[in-house]
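Colleague: Heads up: the sequence lines are chains U and Y, in that order.
As numbered in the working numbering, residues 1 to 439 make up the first sequence, in order.
As numbered in the working numbering, residues 1001 to 1281 make up the second sequence, in order.
Dropping the structure in here first, questions after.
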Amino acid sequence: MKTVKKIAALLLATLFAVTLLAGCGEKKETPQGSGAAPAPSAGGTIKIGYVNPTTGPLAGNGEGCDWVVKQIEDYVNNQMGGIEVDGAKKNIKVIVYDSTSNQQTAADMAQKLCVEDEVDLIVAIQTPETAIPVEAQAEINEVPCIGIQAPVDPCAFASDSHDWTVHAFWTIDNIYEAHKALWTAAGFGPGTGAKIGLAFANDADGTAWHDTFVKKLPEDGYTVIDPGQYPSGTDDFSNVVKAFKDADIDILAGTNIPPDFSNLFTQMQAAGVQVDAITMGKCCLLPGDVVALGDNVEGILSEVWWAPEYPYVSALTGVDCPTLGAAYLKDNGGVMPQPAGYAYAALELAVEAFQKAGTTDKEAVFKALKSLDVETIVGPIKYDKEMNGLAYSDTVVAGGQWQKGEDGQWHLVVIDASLYPELSGAIAGEYKAGNATQK
Amino acid sequence: MQVIQVIINGILLGGIYALLGVGMTMMFGIVKLTNLAHGEFIIIGAYLSTILANAIGVDPILTIIVTVPIMFLVGMGLQSGLINRVMKIGSEPALLVTFGLSIILADAMLLIFSADAQRANVPYNTASLRIAQGLNISVLDLIVFCISLATIIVLSIFLKKTYLGRSIRATSDDTQAASLMGVNVNRTYAIAMGIAMATAAIAGMCVSMKWVYYPSSGGNYLLTAFGVVVIGGMGSIPGTLIAGLILGLAQVIGGANYGQLIAYVLMVLFLAVRPQGLFSK
């Protein structure tokens, strides 16, 4: 009996060890994305730090990171033969760590990149939860930082020190306009007096959206139903649902992580609260996130910041959006997610900055970065605007709606490009009422 | 009417909170083990349930016919093959083993199921019963509450009325005396872990229907389970139910805005005023 138990214990221990090893690989505690990196050219490599939400509730935003890193590394190291800096051609190496969708871990990983890995530049990307702590570490450690794919406002006001950071994405003012265009498409334009129920968490992102929406909605003639902000991960939304029901809201607007929106929406439906339109940021951008909503996703409106149908061409690689999207589809079997487009742009900007600086000297790299004026896969980037001392570049945004495609899958179809008419070519449908929006 | 609605919602939410904590309180009370992997056990239960329901095309509730025995056996194997061995050295190494186990399981689930959000969509998840004007009861919440209540009652009867249950309680009260009376302590511990895993399978099934979950969601449910154990008292099954209801009501009364805050303030107050919990000796 004892022998049997010993064998069983040994087997269990082996199983756990194997799983642990596999798990460690996924945690990305070790540098990756550089596994097949060619031998560095003379003088070593240029190191780019990248904190990615590979796991946790924001993991949908981190999807495609490894693939994008490989594309840029392959292009620079193999096709370009490296970047000429300080008189020698150097390869790039992108070191990716997982933030686990946790702000503290994001800060720890960014610090590790700056202090232990001594990266030459760091990328702060994918929602304010990841971007803000990474940008803060870049400032503390005086490392040039490319902030991208997190609304400008929460990043700008998270700190008063932006000496090493530039940022590119939309402002909350712009996203408000994009959502307004979607309400208009649904028949609730400004001045209609439509009652808009707000659902925002009390994190940096939710607060920035909330403050702008509360200020602007009455100016545009909408009635605001604001039950107050709440912590992410809330299990029960009874009081929020009651406020919406009492007011008989026409539109639900907000930005939430998938569990929060799903909980709220399910409770609303169970309580018999129906709306005419839903505009929801963050949780309704990616197929992986909306699959949990089932058929209820039909008709939900959200912003589209990048799609393979967009008209831009990367000045660095010469690749256009459709080509990049097709390559992603071929390698990964799915539509290239919006955040992966921004991941590509972030690394394009990093390479452009080193090329322009011609050195890895951090001050020179930041100066070159700040003066960039280039077209990337997500559109033109020029850091000519400023918010609370943060130099930033506006990026484009269109409006989309979740509709079922001929393939039977849910797609975020571009239905409005009124803010940036150059995106009109990406429009693939028009507003349709769906399961989520049948008052 | 609004007050009644709040109380009903709080009680219904409390039911699933109690179910989340019942397995953990058993391990606390009987094995004297803080099982930090309990949240991951719940998520494994959720995945098993969702996958089976989708594969066979049945209601997720029916999947517990398969998942409960599987999880029970896995729990027994885990306790006999690993944790019992570590517990010979002391309870701290065992706690660390469960901590390691929680990381391993979360990573393994991530590898197998990816980071995509999951939910078992059932046709009645948005249905509601209208009791009176302005008074609705969510059908899903009611079903989940009934499952929680049934699980807790069955477990209480098992522990009180059966020989095995009595031997488990005897081990919980005095391990040495129970051992002298012929109770196989290691086997009892294995059964306790098996039961804890079986309740995690049921809790996971309820979680999969009620909330969106990820491989990394275990920590949230572990925290709720801790709250239930702290308030209810370690090892007390009825205490688990009452604690669940208290936490559920606190959550709903505080609303989405302050519910979490009130629930955790309550937990701290209980720790300060009655650290052994409501029902613990």
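Where a beta carbon is used, it is the ideal one built from N, C-alpha and C, also for glycine.
1. Can you give me the start and stop residues for the beta strand (DSSP E) that serine 393(U) sits inside?
2. In terms of residue numbering, what span does the beta strand (DSSP E) encompassing histidine 162(U) cover?
3. Taking the C-alpha atoms as reference points, what is the distance between isoleucine 1153(Y) and asparagine 1184(Y)?
4. Can you confirm whether alanine 1115(Y), when its beta carbon is compared against all beta carbons of chain U, has any partner nearer than 8 Å?
5. Leaving aside the five residues before and after proline 322(U) along the sequence, list all residues of the same chain whose C-beta is less than 8 Å from its C-beta, in chain order.
6. For glycine 379(U), which of Asp108(U), Val396(U), Thr207(U) has the nearest alpha-carbon?
7. When you compare the CB positions of isoleucine 1293(Y) and glycine 1254(Y), do they come within less than 8 Å of one another, or not?
8. If you scan the region 117-171 of chain U from start to end, which runs of the beta strand (DSSP E) of 3 or more residues do you find wholly inside it?
9. Just the chain U side, please: which residues come within less than 8 Å of glutamine 1176(Y) by C-beta, in chain order?
10. With 8 Å as the threshold, decide whether the Cβ of alanine 22(U) is near any Cβ in chain Y.
11. Identify the residues that DSSP records as bridge partners of threonine 376(U): which are they?
12. Closest Cβ-Cβ distance between arginine 1187(Y) and chain U: below 8 Å?
13. Given a limit of 7 Å on CB to CB distance, which residues of the region 259-291 of chain U reach chain Y?
14. Using a Cβ-Cβ cut-off of 6 Å (strictly less than) and excluding sequence neighbours within five positions of alanine 1203(Y), which residues of its own chain qualify?
15. What runs of the beta strand (DSSP E), each 3 residues or longer, lie entirely inside the region 1002-1061 of chain Y?
16. Can you tell me which of the three DSSP states leucine 252(U) falls into?
17. Indicate whether at least one CB of chain U lies closer than 8 Å to the CB of leucine 1266(Y).
18. Can you find at least 3 beta carbon pairs, one from the region 1120-1130 of chain Y and one from the region 418-431 of chain U, that sit closer than 8 Å?
19. Since I believe isoleucine 1137(Y) is in contact with isoleucine 1131(Y) (beta carbons under 8 Å), could you give me their beta-carbon distance rounded to a whole number of angstroms?
20. Give the C-beta separation of asparagine 435(U) and asparagine 239(U) to the nearest angstrom, bearing in mind that I take them to be a contact with Cβ-Cβ under 8 Å.
21. Look at proline 144(U) and alanine 110(U) and say whether their C-beta atoms are less than 8 Å apart.
22. Measuring straight from C-alpha to C-alpha, what distance separates valine 1228(Y) and lysine 245(U)?
23. With 8 Å as the limit, tell me which residues of the region 55-87 of chain U have their beta carbon closer than that to any beta carbon of chain Y; keep them in chain order.
24. Would you call the region 171-185 of chain U and the region 310-320 of chain U in contact, with 3 or more CB pairs under 8 Å?
25. Counting only beta-carbon separations shorter than 8 Å, does valine 335(U) have a partner in chain Y?
26. Using the Cα positions of isoleucine 1064(Y) and phenylalanine 1028(Y), report the straight-line distance between them to the nearest angstrom.
27. Using the Cα positions of asparagine 332(U) and threonine 255(U), report the straight-line distance between them to the nearest angstrom.
28. Among the residues of its own chain, which have a CB less than 6 Å from the CB of lysine 356(U), if the five just before and after it don't count?
29. Indicate the three-state DSSP secondary structure (helix, strand or coil) for arginine 1130(Y) in the structure shown.
30. Can you confirm whether glutamine 1079(Y), when its beta carbon is compared against all beta carbons of chain U, has any partner nearer than 8 Å?
31. State the CB to CB distance for the pair isoleucine 251(U) and aspartate 276(U), rounded to an integer number of angstroms; the pair is presumed to be in contact (CB under 8 Å).
32. Within the 8 Å Cβ cut-off, does proline 339(U) reach chain Y?
33. Compile a chain-ordered list of the residues in the region 1214-1226 of chain Y whose CB is closer than 9 Å to at least one CB of chain U.
34. Start and end of the beta strand (DSSP E) containing valine 304(U)?
35. Got a sec: which bits of the region 1157-1184 of chain Y sit with their beta carbon under 9 Å from any beta carbon on chain U, in order along the chain?
36. Beta carbon of isoleucine 1030(Y), beta carbon of serine 1172(Y): below 8 Å?
Modeller: Once the coordinates are examined:
1. Element bounds for serine 393(U): 390-393.
2. It is not in any beta strand (DSSP E) - histidine 162(U) carries neither H nor E in the DSSP assignment.
3. Cα to Cα, the separation comes out at about 26 Å.
4. The beta carbon of alanine 1115(Y) falls within 8 Å of a beta carbon belonging to chain U, placing the residue at that interface.
5. Here the set comprises Pro308, Glu309.
6. When the alpha-carbon of glycine 379(U) is set against those of Asp108(U), Val396(U), Thr207(U), the nearest one is in Val396(U).
7. Because chain Y spans 1001 through 1281 in this model, residue 1293(Y) falls outside it and cannot be assessed.
8. List check, beta strand (DSSP E) in window: 121-125, 145-148, 165-168.
9. By Cβ distance, chain U contributes nothing, its closest Cβ being about 22 Å from glutamine 1176(Y), past 8 Å.
10. Reliability of the predicted coordinates at alanine 22(U) is poor, the pLDDT of 41 falling under 50, and no value is obtained from them.
11. Paired residue(s): Gly379(U).
12. Not a single CB atom of chain U sits nearer than 8 Å to the CB of arginine 1187(Y).
13. Taken in chain order, the members of the region 259-291 of chain U whose beta-carbon sits within less than 7 Å of a beta-carbon on chain Y are Pro259, Ser262, Asn263, Thr266, Gln269, Ala270, Ala271, Gly272, Gly288, Asp289, Val291.
14. Counting only Cβ-Cβ distances below 6 Å, and skipping sequence neighbours, we find Leu1019, Leu1020, Ile1042.
15. Scanning the region 1002-1061 of chain Y from its first residue to its last, no whole beta strand (DSSP E) run of 3-plus residues comes out.
16. Reduced to three states, the DSSP call for leucine 252(U) is strand.
17. It does not; no Cβ of chain U falls within 8 Å.
18. They do not touch, by the three-pair rule.
19. Confirmed, Cβ separation roughly 6 Å.
20. In fact, because the Cβ distance is near 25 Å, the residues do not count as touching under 8 Å.
21. Proline 144(U) places its beta carbon 8 Å or farther from that of alanine 110(U).
22. Valine 1228(Y) and lysine 245(U) have their C-alpha atoms spaced approximately 31 Å apart.
23. Considering only beta carbons, the part of the region 55-87 of chain U lying closer than 8 Å to chain Y consists of Thr55, Gly56, Pro57, Ala59, Gly60, Gly62, Glu63, in chain order.
24. In short, these stretches do not touch, since the Cβ pair count stays below three.
25. By this cut-off, valine 335(U) is not an interface position.
26. The alpha-carbon of isoleucine 1064(Y) is positioned some 24 Å away from that of phenylalanine 1028(Y).
27. Going from the Cα of asparagine 332(U) to the Cα of threonine 255(U) covers about 28 Å.
28. Answer for lysine 356(U): Ala368, listed in chain order.
29. Strand at arginine 1130(Y).
30. Not one beta carbon of chain U lies nearer than 8 Å to the beta carbon of glutamine 1079(Y).
31. Between isoleucine 251(U) and aspartate 276(U) a beta carbon distance of about 6 Å is seen, short of the 8 Å cut, so the two are scored as contacting.
32. Chain Y, which has no Cβ nearer than 8 Å to the Cβ of proline 339(U), makes this no.
33. Listed by position along the chain: Tyr1214, Pro1215, Ser1216, Ser1217, Asn1220, Thr1224.
34. From DSSP, the beta strand (DSSP E) with valine 304(U) extends over 301-304.
35. Interface annotation for the region 1157-1184 of chain Y against chain U: empty, criterion Cβ-Cβ distance under 9 Å.
36. Closer than 8 Å, so yes.
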